[in-house]
Amino acid sequence: MIDAKLTTLLALIEAQSYTKAARMLSLTQPAVSQHIRGLEQEYNIKIFLKNTKGMILTPEGKILEKYARREIALYNNLRNDIDAYRNGVHRFVIGITPSAEENIVPRILATYCNQHPDTKITIITDTLPSISNKLKTYEVDIAIVEGKIAEEGLTSILLDTDYLCLIVSPKHPFADRSSVSLSELKKERLIIRPQGAGTRRLFETFLFGCGETLKNFHVMLEMDNVSTIKELVQSNLGVSVIAHSTCITEEHNGQLKVIPIEHFQTFREINLVCRDDFTQKQLLEELCHIYHICS
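Just so you know, we're using my numbering here: the sequence shown kicks off at 66 and counts up by one.
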């Protein structure tokens with residue numbers, strides 16, 4: 066049984082307000098305060114910093130949050146797995162990054178489910194750092210991500226490599242070019258992924274190596290939805306730098322043009338990641354096999 070005080074703590078972290086947390090949990094505000102005091106007394110710590118704006122966790126509070134999320138995730142997984150077993154279903158939660166969502170990964174998971182009708186997969190799409198945290202707190206079982214997670218307690222299996230590319234509309238003046246320079250790209254309306262996205266970090270790392278920064282470019286839009294980015298570029302409303310694996314179909318269909326940027330060689334890995342204690346090794350082997358067949 067989950068300690069209700071831990072549920073209250075996570076609600077308070079999310080709500081950033083005792084009043085809002087009480088409303089979320091259908092409790093009174095004094096009850097929320099009592100739960101937090103109870104945790105502080107039980108572990109002899111202070112959970113939140115004083116005299117700061119917002120609910121900022123102390124170092125001890127961050128540790129408590131990590132284990133609270135892990136305990137609740139394990140409890141929920143336990144309940145779900147028991148229900149799944151009673152219904153003859155094998156259940157997995159798989160985390161993927163937004164770029165991975167746009168390539169062949171969903172098809173791989175659907176293929177696996179068709180080969181194993183008694184399997185149910187829940188897909189969670191999130192940023193690479195968040196997926197890493199969810200793995201460590203048992204909120205997801207495995208992850209298929211574009212990028213690398215090199216952290217203690219996690220094992221990565223390289224599935225493939227990908228690279229970043231400039232995409233433009235077939236109607237764009239660059240469409241028939243063999244390459245473009247960074248100085249030319251500065252004049253274009255650029256649509257990019259938000260801060261924290263792997264492709265954004267790789268592009269900015271490349272720019273830094275060239276003595277450039279995104280501040281010198283005309284960034285028109287920042288958005289996380291890769292499908293929308295591709296649609297806007299197809300409509301010639303801007304250009305973008307994205308992972309090549311996400312636009313292979315559109316490139317083959319002539320809906321998008323992939324144009325090399327001079328001296329631009331940015332490769333990234335596609336990895337299957339799991340915790341060291343993950344026991345379903347056959348699932349990992351089959352997903353790797355299906356990935357290499359589909360790619």
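We put the CB at the ideal spot given by N, CA and C, even for glycine.
query: Using DSSP's beta-bridge definition, name the partner residues of residue 338.; result: 208 and 221
query: Is it true that the CB of residue 86 sits closer than 8 Å to the CB of residue 72?; result: no
query: Should residue 325 and residue 221 be called a contact, given that it needs their Cβ atoms to be closer than 8 Å?; result: no
query: Would you say the beta carbon of residue 208 is closer than 7 Å to some non-hydrogen atom of the ligand FAD?; result: Ligands displayed in this structure: none; no statement on the ligand FAD is therefore possible.
query: Can you tell me which of the three DSSP states residue 288 falls into?; result: coil
query: Mind checking residue 328: buried by the 16 CB within 10 Å criterion, or exposed?; result: exposed
query: In chain order, what residues of the same chain lie with their CB nearer than 7 Å to the CB of residue 340, ignoring the 5 residues before and after it?; result: 200, 218 and 219
query: Taking the alpha-carbon positions, what's the residue 333 to residue 92 distance?; result: 47 Å
query: Leaving aside the five residues before and after residue 239 along the sequence, list all residues of the same chain whose C-beta is less than 6 Å from its C-beta, in chain order.; result: 233, 245 and 324
query: Give a yes or no on contact between the region 281 to 292 and the region 251 to 265, applying the rule of three or more CB pairs nearer than 8 Å.; result: yes
query: Here's the rule I'm using: 16 or more other beta-carbon atoms within 10 Å means buried, otherwise exposed. How should residue 35 be labelled?; result: The displayed coordinates of the chain run from 66 to 360. Any statement about residue 35 would go beyond what the structure contains.
query: With distances taken Cα to Cα, identify the nearest neighbour of residue 214 among 198, 98 and 183.; result: 198
query: Hey, residue 129 and residue 90: beta-carbon distance below 8 Å or not?; result: no
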